[in-house]
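A.B. asks:
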Amino acid sequence: MREPHLDSNPPILDALGRPLRSVRISVTDRCNLRCQYCMPEEDYAWLPRKEVLSFEEIAQLADLFIDFGVRKIRLTGGEPLLRHNLPELVRLLAAGGRLQELALTTNGLLLARFARDLRDAGLQRINVSLDTLQSERFFALTKTRSHAAVLEGLNAAREAGFINIKVNSVIVRHFNDDEVADLVAFGRRESAEVRFIEYMDVGGATRWSMDQVVPAAEIVARVEKHFGPASTEPAPAGAPAQRFRLADGTVFGVIASTTQPFCKSCDRGRLTLDGVWFQCLYATRGINLKALLRGGASREVIANTVARAWQARTDRGAEWRRQLPERGVLFPVAELRKDPHREMHTRGG
């Protein structure tokens with residue numbers, strides 16, 4: 093990578109004036125959990141191994157995005173720690189110091205094994221998905237008995253020197269909505285910031301229904317019922333979570349993508365493990381950057397493709413979904429099997 097030039101290139105703007113500041117990169121479509129809100133089906137279509145971007149190809153595309161003003165990259169999946177030798181990719185992306193934030197979202201099962209190596213490679217922040225504190229409920233949700241491994245992973249991340257650890261909890265009515273206060277208390281004990289996420293009707297959520305969604309306002313009310321009033325915290329531009337602070341200093345967040353979409357400030361794109369770039373979580377089609385990269389296109393040609401696509405972007409997927417008179421699943425199972433790029437575990441959360 094070239095030498096850092098953080099201030100030399102302002103971010104490009106889309107048709108609604110939104111900058112490109114953040115990219116989420118999926119490094120694998122495989123996962124070692126089968127969470128009911130993400131991968132509830134019995135079988136899935138997987139992308140061929142030969143189609144998967146190499147670490148060097150990912151770094152090339154990341155470098156291009158950084159030239160356009162991207163300052164935050166998050167590695168996702170599937171479960172990203174299933175990708176062999178992931179710390180080496182972290183090392184490539186961290187080289188040059190051009191990013192303000194290099195982060196990882198993980199389910200935590202393998203985190204105890206890799207936390208130290210990831211930290212040493214240059215990873216700055218970790219989000220761990222944990223939807224319940226009850227081991228039997230965890231098994232019902234994920235089809236695995238690995239709850240203790242997630243807790244071990246959180247401990248290992250702290251011991252490796254990670255600070256500002258986030259715990260992501262998808263709240264589903266009549267499943268884990270009775271744990272909202274418990275999760276806040278857990279975050280306080282574990283020095284982690286819990287972020288509650290409304291159940292979203294994204295690709296892969298084939299059992300989604302609106303009556304399972306616990307709105308952000310209700311989540312906050314449940315927290316305040318147990319802990320007293322919560323004041324709002326200022327949030328950086330483009331941040332998906334509204335953050336709240338309790339009287340004792342405990343901070344928690346709520347991502348209200350279903351009932352209060354943040355499309356107007358959305359500054360992120362998503363790159364799949366096989367190089368398809370999506371400009372909206374709800375987009376039906378993406379742009380195949382891998383085809384350009386492996387087809388011998390120059391850096392300038394790929395850069396122009398990215399720039400034109402972002403400058404023409406008008407996506408407001410979550411807002412459009414909210415306006416539907418009858419809102420069901422985004423993609424039926426048959427459509428997901430015809431095009432695995434519509435799956436969340438392929439596109440990246």
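Using my numbering, you'd call the opening residue of the sequence shown number 93 and step up by one each time.
Virtual Cβ for every residue (Gly too), placed ideally from N, Cα, C.
(1) Go ahead and pull the three-state DSSP assignment for P111.
(2) Suppose contacts are defined by Cβ-Cβ distances below 7 Å. Is L381 in contact with L153 by that definition?
(3) Kindly indicate which three-state DSSP category A375 falls into: helix, strand or coil?
(4) Got a sec? Which residues, its chain only, sit under 7 Å from E95 by beta carbon, not counting five neighbours each side?
(5) Between F278, A297 and A252, which has its C-alpha nearest L222's C-alpha?
(6) With DSSP run on the structure shown, which of helix, strand or coil describes S118?
(7) Distance, Cα to Cα, L203 vs L112?
(8) How long is the line joining the alpha carbons of A232 and G409, rounded to whole angstroms?
(9) Write down the C-beta distance between H433 and M131 rounded to the nearest angstrom, noting that I regard them as a contact closer than 8 Å.
(10) Kindly indicate which three-state DSSP category V421 falls into: helix, strand or coil?
(11) In whole angstroms, what separates the C-alpha of K430 from that of H176?
(12) To the nearest angstrom, how far is it from the Cα of V264 to the Cα of Q226?
(13) Determine the DSSP secondary structure at N256, reduced to helix, strand or coil.
(14) Taking only heavy atoms of the ligand SAH into account, decide whether any of them is closer than 6 Å to the Cβ of V305.
(15) Looking only at its own chain, which residues have a Cβ that is under 8 Å from the Cβ of A404, when we skip the five neighbours before and after it?
(16) Assign I258 to buried or exposed, taking buried as 16 or more other Cβ atoms, counted over all protein chains shown, within 10 Å of its Cβ.
(17) Classify S301: buried if its beta carbon has 16 or more other beta carbons within 10 angstroms, exposed otherwise.
(18) Indicate whether N268 and T224 have their beta-carbon atoms separated by less than 7 Å.
(19) Taking C-alpha atoms, which residue in F160, L196 and R314 lies nearest to D359?
(20) When DSSP labels each residue in this structure, what does W138 get in the three-state scheme?
(21) What residues are listed by DSSP as bridge partners for S261?
(22) Taking one C-beta from the segment 275-292 and one from the segment 337-350 each time, how about it: are there three or more such pairs within less than 8 Å?
(23) Can you confirm whether the segment 349-369 touches the segment 322-337 when touching is taken to mean that 3 or more C-beta pairs between the two stretches lie within less than 8 Å?
(24) Is P321 buried or exposed, if buried means 16 or more other CB atoms sit within 10 Å of its CB?
(25) For the beta strand (DSSP E) that L196 lies in, which residues bound it at each end?
(26) Based on Cα-Cα distance, which residue from V393, T168 and F157 lies nearest to I117?
C.D. replies: According to the data block:
(1) strand
(2) yes
(3) coil
(4) With a pLDDT of 37 at E95, under the threshold of 50, the modelled position of this residue cannot be trusted; read the value that follows with caution. G188, listed in sequence order.
(5) F278
(6) strand
(7) 30 Å
(8) 31 Å
(9) Actually they are not in contact, since the Cβ atoms of H433 and M131 sit about 15 Å apart, beyond 8 Å.
(10) coil
(11) 27 Å
(12) 15 Å
(13) coil
(14) Ligands displayed in this structure: none; no statement on the ligand SAH is therefore possible.
(15) D106 and A107
(16) The sequence shown places Lys at residue 258, rather than the Ile named in the question. By the neighbour-count rule (16 or more Cβ atoms within 10 Å), K258 is buried.
(17) exposed
(18) yes
(19) F160
(20) coil
(21) F288
(22) yes
(23) yes
(24) exposed
(25) E193 to T198
(26) T168
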